[in-house]
Structures are given as C-alpha cells and as structure tokens.
Amino acid sequence: MWALRPSALTVWRNKEVRKRLDWYYGVMTDAKPAKFLICKKLPADFSQRSDEAELWEEHERLVPEFAKLHASVSKGEAGLGDLPAPEKSFLDLKAEILRRILRSCHLCERRCGADRAGGEKGHCKLDHQARVSTWFHHFGEEPPIVGGGGSGTIFFTSCTFSCAACQNHDISTDPDNGAVVDGRRLASIMRSLRAQGASNINVVGGEPTMHSATIVEALKHLDVNVPFLWNSNMYCSLELMKILSEIVDIWLPDFKYGNDGCAQRLSSVKNYFSVVSRNHGIAGKNGDMIIRHLVLPGHLECCTKPVLDWIARNLGERALVNVMEQYRPEHLVARHPEKYPDIARRLTRGEIERAYGYARELGLVFEPVS
Ligand code: SF4
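Below you can see the structure in the form of structure tokens.
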C-alpha cells in the first residue's frame, strides 16, 4: 500500500467528522468497548474437529448475534463487564477459521492456495509466520485519528501488490525484514502502544492482510480497550472481509485505481476495481471509515474521477475521504522512468486543484484549505 502522509492541506468539517466517526471516538475515549472485546463475550460452539464448512456455518449464525450485542452496547443498554467470558468465543472462532485458511491461502484475492501453514509461500513470499518491521506512535496519519497520543502504527512486511511506485518498498518488497512475532508478542506491542497513549492500533505495511491470522490471535490476548484500525490496500478475499467485519472499528483503506488496466500495469494485480469496490462496500456497512485516494499524475480521468464517483454514489453519506496529493515517483519508477512515463513526475498544481474541485463538486466530505 502507499502508506503516505495525508495531505496537510486536507481537513474535515468537525461536525461531520464527529458524526461519521462516532463509534471510533466512543472507543478511543473508552466510552465504548472495541468490537474485538464484544466478540470475546459472544459464546461460539465449535471444536478442533469441526471442518471449515462447519466453522463458517457457526460464524454465519453468530453474525446477527454480534449485531444485537453491538447495538445494545452502543446504546448503553448492556455493559460487557456484566457478561461472563465464554469457554470459546466468536473471536476464537474467527482465529480458528484464519488458521484453516492458511492451509490453502486465500486471504487475498490472488488466492494462491499456498499451504502457508505447512511452510509454503505464495505471491507475498510469506509462510504462516507474521513479521513486523517496526512500530511507533505515528503523528502523520489523518488528523481525526491521530489524537493526542498518535496512531499506534505497526508495520508488517511484504505485500499482496507489486506497485511500481511503492513508497514503502523497503518493507513491502523484502518479506524477511523485521522480526517474527507470534500472537502474544504482538499483543504486548499493542498493549504498550495503548499504555503510552496511542489513540488506536493501526495495522499497516506493506500490507496487514497476509498477517491477519497472527493479528486476530493477538487480539485474543489483548486485554485493553483500543480502537482497531485496518489500514490496507483492500485486496482482501471475501472470506477475510467477513472475518474482519465484526472486528474493525475504523477502516483506513486505499482506493487507488479507477480501472483494472491501470491496476494491472502499475501494481500487477487483476480484477482490481470489482474486488476493491466490493470490499469498500462491505467496510462501509461495518465500521467507520476514511478512504484514501492518492492522485496520480496524468490519471485524473481514468482513476481519480471514477474512484471519487464510486465513493460519492456508494459511500458519500458515510465515509470521510482523503484526496492525497503527495505522490512521488519512487522505487521502479525512479529506476526505470522510461517504462512508466505517465507517473515519472510529481503532480502539477493544476492536477491537484482539479482533483479537489471534483471531490467538491461531488459533495464528498473533504475540504482543502489552500
Ligand atoms: S496472502 Fe494472498 S498473496 Fe499471500 S499466499 Fe495468501 S493468497 Fe497468496
């Protein structure tokens, strides 16, 4: 993913921000429990002998149960402290399903089918082990989510994309950098970030998708209240989106390309638009969200406009949008500019203004101050 700093020129109207990030702010200020904590209180019925189809059947049964509990917690009708911890919970079930998926990996829509649990590696060059490159309190994320203590950002290695202009290529193209973490170690990193004032736990990379089994395992061990933020290229499989839907408090997804041709040429990925728009639609029904769109030079008509059109049509009433202007020609584009002549330069002021103007015309909740 791009993992760029948001535009310093982009701010949002406070009232709209409060309205659209209502759940997130509730968890951030400890007025509400994070969704993963609600999942821990919902009893699940499964065993190690249950096959994957049976696990999914139980998962589907629990989705409406979760919705009921979430709604009553949200309205203040139920407190989690009054509920006993079940022997096996909805969160345990989700972690078990993710472990099964690793036997024939389809965590992302590349659907390699690699037996990562058995040590095989797919396109992302990762086996079952999660690797963390670094973590820190990030003050460069979008202002509404940074808060006083910064975003507790954890950078995972490797990626499901191969972006020619990747701004984080040191992390995304080297799966072996950083250190292996298991669920308990990752939970202790999350706990210390929150204890030191982090406003949220922000999983990013590279890309978090490939590491989701360890991430959900970590949430099982995490015993503090903190909003869980999914910061992703959104090329997750439908199965992973189902797992995440009752866990993620706030989504911070990229929506880069307005068509499959640009995505294939610049990120080597198929069926981009249908997958990523599907996942944005699911996310919008299941959590607060700030959608990031990085404007690419020369891609206003083919990418920026279709992406903003889609957001306005489908999530205009729901999501905040960050139209980002800080594209830089890095990585392969810097080394071989002749292969990528369209994106081998920075944006012009005119392109930035046209992108902002289009977002304004569509009525998206976004406000450049320049
Ligand atoms: S996460 Fe995606 S790229 Fe990696 S092995 Fe699984 S399906 Fe393949």
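With the sequence shown counted from 1, adding 18 to any position gets you the working numbering. Positions of the beta carbon are idealized from the N, C-alpha and C atoms, including for glycine.
Buried versus exposed call for residue i [16 or more other C-beta atoms within 10 Å across all chains shown]
i    : result
F291 : buried
T47  : exposed
A231 : buried
F384 : buried
F154 : exposed
Q66  : exposed
P162 : buried
T171 : buried
G196 : buried
T28  : Here T28 scores only 46 on pLDDT, less than 50, and its place in the model should not be relied on; the value that follows carries that caveat. It counts as buried.
T366 : exposed
P36  : The identity of residue 36 in the sequence shown is Arg, whereas the question assumes Pro. Per the 10 Å Cβ criterion, exposed.
L326 : buried
E12  : Look at the range of the chain in this structure, 19 to 388, and you will see that residue 12 is not part of it.
D200 : exposed
V287 : buried
G241 : What sits at residue 241 in the sequence shown is Asp, not Gly. With fewer than 16 other Cβ atoms within 10 Å, it is exposed.
S285 : buried
K59  : buried
E127 : buried
K86  : exposed
K53  : buried
P24  : Low local confidence applies: a pLDDT of 41 at P24 is under 50, so the model's placement there is unreliable, with the coordinate-based value given in what follows. Buried: at least 16 other Cβ atoms inside 10 Å.
P82  : exposed
For residue j and residue i, the rounded distance between their alpha carbons
i    : j    : result
A205 : R353 : 39 angstroms
E78  : K106 : 16 angstroms
T191 : E348 : 13 angstroms
I261 : K112 : 6 angstroms
W20  : A62  : For W20, the pLDDT reaches just 39, beneath the cut-off of 50, and the residue's location in the model is therefore unreliable, although a value from the coordinates is still provided. Spanning the two alpha carbons is a distance of roughly 37 angstroms.
I56  : D100 : 12 angstroms
D133 : E379 : 48 angstroms
A330 : L382 : 6 angstroms
Y374 : H317 : 14 angstroms
H229 : S169 : 19 angstroms
C320 : A103 : 51 angstroms
A377 : E335 : 13 angstroms
P359 : I119 : 40 angstroms
R372 : Q214 : 41 angstroms
V313 : D69  : 45 angstroms
D315 : A236 : A quick correction: the sequence has Pro, not Asp, at residue 315. Each residue's Cα considered, the two are about 39 angstroms apart.
A49  : G97  : 11 angstroms
E114 : I233 : 12 angstroms
Q282 : H141 : 15 angstroms
V387 : R363 : With a pLDDT of 37 at V387, under the threshold of 50, the predicted position of this residue should be treated as unreliable, though the coordinate-derived value follows. One C-alpha to the other measures close to 24 angstroms.
I370 : P324 : 16 angstroms
I361 : G279 : 15 angstroms
F64  : E76  : 7 angstroms
Residue closest to residue i, alpha-carbon to alpha-carbon, out of the options
i    : options                : result
P193 : F173, R336, R118       : F173
H298 : D40, N251, L125        : N251
M307 : L338, F64, G158        : L338
R121 : P102, G137, S92        : G137
K274 : V294, I370, D267, R203 : V294
S217 : P355, G165, E369       : G165
L125 : H146, A49, L109, F108  : H146
W74  : G44, L116, E95         : L116
I300 : N340, C254, L312       : C254
E264 : F64, F84, L39          : F84
L109 : S90, E257, L80, L98    : L80
V198 : R283, N243, L144, N186 : L144
V91  : W41, C123, N32, T227   : W41
L333 : R310, L350, N186, N220 : R310
N243 : F157, L350, I219, P82  : I219
Q344 : C130, G131, C184, A135 : C184
R38  : N304, V221, G368       : N304
M342 : E160, C181, C130       : E160
Residue i (DSSP reduced to helix, strand or coil)
i    : result
H239 : helix
S68  : coil
M342 : strand
F54  : helix
D145 : coil
M307 : strand
H124 : coil
C320 : helix
L27  : Interpretation of L27 is limited by its pLDDT of 38, a score under 50 that renders its predicted location unreliable; the figure taken from the coordinates is listed afterwards. In the structure shown, L27 sits in coil (DSSP, three-state: anything other than H, G, I, E or B).
T232 : helix
G224 : coil
L39  : coil
M19  : Bear in mind that a pLDDT of 42 at M19, under 50, signals an unreliable position, so the model cannot answer this.
H354 : coil
V164 : helix
heavy atom of ligand 3 below 6 angstroms from residue i C-beta
i    : result
A231 : No copy of ligand 3 appears in this structure; the ligands present are ligand 1.
* **Cβ contact (3+ pairs, closer than 8 angstroms) linking the stretch 150-168 and the stretch 176-185** => no
* Evaluate contact between the stretch 265-282 and the stretch 237-254, counting only Cβ atoms and requiring at least three cross-stretch pairs below 8 angstroms. => yes
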